[in-house]
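Undergrad: First residue of the sequence shown: 279, per the working numbering; consecutive thereafter. Backbone N, C-alpha and C define an ideal beta-carbon position, used for all residues, glycine too. One structure, pasted below without further comment.
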Amino acid sequence: MTPDYYEGKETIDKQEGVAELLIARGVSVARAFDAATALKYVERAGEKDGESAEKDLGKAADYLHRAIFGMWPWEADR
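Below is the structure:
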């Protein structure tokens with residue numbers, strides 16, 4: 279069952295498309311997955327009960343950081 283905040287958005291199809299595109303361009307599977315996961319948080323920003331748009335956008339930024347640098351933002355501070 280698809281949660282309401284993803285209803286009608288075809289988020290999983292979009293995530294798979296982004297991941298496949300990036301992998302075809304030579305991006306590792308792990309980094310492609312992280313970039314595609316960022317899309318999920320951008321699409322649902324502000325629509326999930328109890329989650330602000332800013333919180334979801336922050337999660338998207340974290341996943342993009344991991345896709346780019348291979349680590350979470352807080353790991354870079356260590």
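Are the Cβ atoms of Pro-351 and Asp-334 separated by less than 8 angstroms?
TA: No.
Undergrad: For Ala-331, which residues of its own chain have a beta-carbon under 6 angstroms away from its beta-carbon, when the five flanking residues on both sides are left out?
TA: Ala-323 and Gly-324, listed in sequence order.
Undergrad: For Phe-347, verify whether its CB is less than 7 angstroms away from any heavy atom of the ligand SAH.
TA: This structure lacks the ligand SAH; in fact it carries no ligand of any kind.
Undergrad: How is Arg-303 classed by DSSP in three states: helix, strand or coil?
TA: Residue state, collapsed to three classes: coil.
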